[in-house]
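Notes follow the structure.
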Amino acid sequence: MFDTIAAISSGNNVNQAISIIRISGPEAFEIVKKIFDGKIGENHQITYGYIKDKEKIIDEVLVMWFKGTKNFVGEDTVEINAHGGIVVTNIILELLLANGARLAEPGEFSKRAFLNGKIDLVKAEAINDLIHAKTKKQVEMSVAKFDGQTSKFINSLIEKLVFLIGTIEVNIDYPEYDDVEILTSDILIPKLSFILKELSETIEISERSRLIYQGISVAIVGRPNVGKSSLLNNLLNEEKAIVSSIQGTTRDIVEGQFVLNNILYTIKDTAGIRDSKNAIEKIGIDKALKQIENAEIILHIVDASKKEDKFDELIKEKALNKFYLKIFNKIDLLKENTKNSQEKIQISVKNNDIEQLEKALNKLVKNVDLNNEKLVINSRQLSLIKAAYLNIESALMSLKENYGPEVVIIDIRQAWENLVNITGKADNELMLNTMFKKFCLGK
1447 MFDTIAAISS GNNVNQAISI IRISGPEAFE IVKKIFDGKI GENHQITYGY IKDKEKIIDE
1507 VLVMWFKGTK NFVGEDTVEI NAHGGIVVTN IILELLLANG ARLAEPGEFS KRAFLNGKID
1567 LVKAEAINDL IHAKTKKQVE MSVAKFDGQT SKFINSLIEK LVFLIGTIEV NIDYPEYDDV
1627 EILTSDILIP KLSFILKELS ETIEISERSR LIYQGISVAI VGRPNVGKSS LLNNLLNEEK
1687 AIVSSIQGTT RDIVEGQFVL NNILYTIKDT AGIRDSKNAI EKIGIDKALK QIENAEIILH
1747 IVDASKKEDK FDELIKEKAL NKFYLKIFNK IDLLKENTKN SQEKIQISVK NNDIEQLEKA
1807 LNKLVKNVDL NNEKLVINSR QLSLIKAAYL NIESALMSLK ENYGPEVVII DIRQAWENLV
1867 NITGKADNEL MLNTMFKKFC LGK
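For the sequence shown, the numbering used here gives the first residue as 1447, with consecutive numbering after it.
Next comes the structure, spelled out in structure tokens:
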């Protein structure tokens, strides 16, 4: 049985109007009664009263009473709504701890909700993702996981694997039991190929979507003095990078984040790429070339008033297989009749004219179907899906190489374990129930 835990649920904002202290566990009601002067509420009722330390009034509060399992945590829970301010909130928390509660660990209420069967790991992690969201798009993608569609999709694959494992087990252990389908290679290969296809689509959809969720990495590259640092400052709306007409000013990576159309971008300004004899500058140039490899989007800045050279060609070659945008800066130096904005992305950082660049970035980032059941934005979950994909791929290879079911089942079992670890409901009894319920062994 769990002990009783308490914590401030509303954060530590000194100036907030209302603070919430949550207490949960078998002694939650009894502990609150010791410090609350007011009516003890019925289940799902709010009552008014005072928090007292002996006879001394600490605060005027509203108390919400949740008896039993019909609440987020899935056990007796009380929430005290006190006046804001961290001092009075901490005094109330200390009174709860002094009367028998234990200070909750980070995430412990959600952990109990999971252990009490109120949520699975997919929803628990979605809640955490929502709390840490930095953009509206991240909020939408986190909330989209609340309806359980992703869990249902994963569970449907788990059920298919359970059926295959159960059937193969019966084929191996009870060969005389002729009421059960014999899973030959001709039968298994299409079934496993379908699961592999579902996992492959999930990985493809999720990889693209996670870029949008986690923040898309962008590298600004180009020759010296083409306006890279000025563009960074413009996008970040702050003077983060040093801007100078002296070549080689930027020698290390300068990084920042900005939001455009509800998408988070992590952008890095790099050293100008050129021949240099300066040892420190050469290190910066090497780092710039490395950023081309690491970033998802490459912004290649060129001076629209000058000819391109071998270093511009080098950048373009390095950016193969990347989202690549060539940006012509300093169009304010061009004559009007030499501009061709329909074919080129032309900007003037000096005049704060970067509209064409913003439109190009928006076009690069494809819309994400937030309601797609195969959308997985959590790194842990996606790594398990990738592992399950490799397991099924290995099982198919074994079948095609004519290995027996006792070999193939090893990979199928491993795929099952990886998928059940996504929802956190790894129950070996499910396997047994499938075998006995569907096949009626021992009748």
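C-beta atoms are modelled at their ideal positions from N, C-alpha and C, and glycine is treated no differently.
- Here I1731 is not near I1743, since their CB atoms are 7 Å or more apart.
- Taking a contact as a CB-CB distance under 8 Å, the pair I1611 and R1859 counts as one, their CB atoms being some 6 Å apart.
- Taking a C-beta distance under 7 Å as the contact criterion, K1714 and I1699 qualify as a contact pair.
- Within the model, the alpha-carbon separation for G1668 versus L1760 is close to 10 Å.
- Within the DSSP secondary-structure output, G1668 pairs in a beta bridge with I1747.
- Residue state for A1463 is assigned as coil, using DSSP reduced to three classes.
- In the DSSP assignment, E1506 is bridged to Y1496.
- Residue environment for S1465: buried (at least 16 other C-beta atoms within 10 angstroms of its C-beta).
- Residue environment for R1654: exposed (fewer than 16 other C-beta atoms within 10 angstroms of its C-beta).
- Beta-bridge annotation (DSSP): E1701 is paired with K1714.
- In the structure shown, E1525 adopts extended strand secondary structure according to DSSP, grouped into three states.
- Rounded to whole angstroms, the gap between the alpha carbons of I1504 and G1471 is 24 Å.
- Cβ contact annotation for L1642 (same chain, cutoff 8 Å, sequence separation greater than five): Y1835, I1838, E1839, L1842, in chain order.
- Measuring C-alpha to C-alpha distances from K1752 to each of S1646, V1478, L1780 identifies L1780 as the nearest.
- Within the same chain, V1519 come within 6 Å of R1558 by CB-CB distance, once the 5 residues on both sides are set aside.
- For K1832, same chain residues with a beta-carbon under 7 Å away, outside a window of 5 residues either side, are I1649 in chain order.
- The DSSP-derived three-state label of D1632 is helix.
- With contact defined as three or more Cβ pairs closer than 8 Å, the region 1473-1492 and the region 1558-1573 are not in contact.
- With a beta-carbon spacing of about 5 Å, L1803 and I1793 fall inside the 8 Å limit used to define contacts.
- Looking at E1501, V1478, F1512, K1502, the one whose alpha-carbon comes closest to that of N1489 is F1512.
- Comparing alpha carbon positions, the residue from I1486, T1515, N1517, K1516 closest to V1507 is I1486.
- The criterion of a C-beta distance shorter than 7 Å is not satisfied by I1635 and L1830.
- Taken through DSSP and simplified to helix, strand or coil, S1722 comes out as coil.
- Cα atoms of I1628 and E1615: separation of roughly 11 Å, rounded to the nearest angstrom.
- Ranked by Cα distance from I1662, the options K1580, P1621, V1672 are led by K1580.
- Shown here, L1561 sits in a helix according to DSSP, grouped into three states.
- The straight-line gap separating the alpha-carbon atoms of E1763 and K1736 is approximately 13 Å.
- Ranked by how close their Cα comes to the Cα of W1862, the residues V1608, N1708, D1755, K1591 have V1608 in first place.
- Considering only N1798, V1589, T1535, the residue with the shortest C-alpha distance to N1459 is T1535.
- CA-to-CA, the gap between K1583 and G1594 works out to about 19 Å.
- Across the structure, N1767 and N1775 are spaced so that their CA atoms are roughly 24 Å apart.
- When C-alpha distances from S1588 are compared across S1597, N1574, T1523, I1600, the shortest belongs to N1574.
- Its chain contains A1665, V1667, I1744, I1761, K1764, A1765, K1768 as the residues whose beta carbon lies nearer than 8 Å to that of I1738, once the 5 sequence neighbours on both sides are disregarded; these appear in chain order.
- Excluding five sequence positions before and after L1657, the CB atoms of its chain that fall closer than 7 Å to its own CB belong to E1742, given in chain order.
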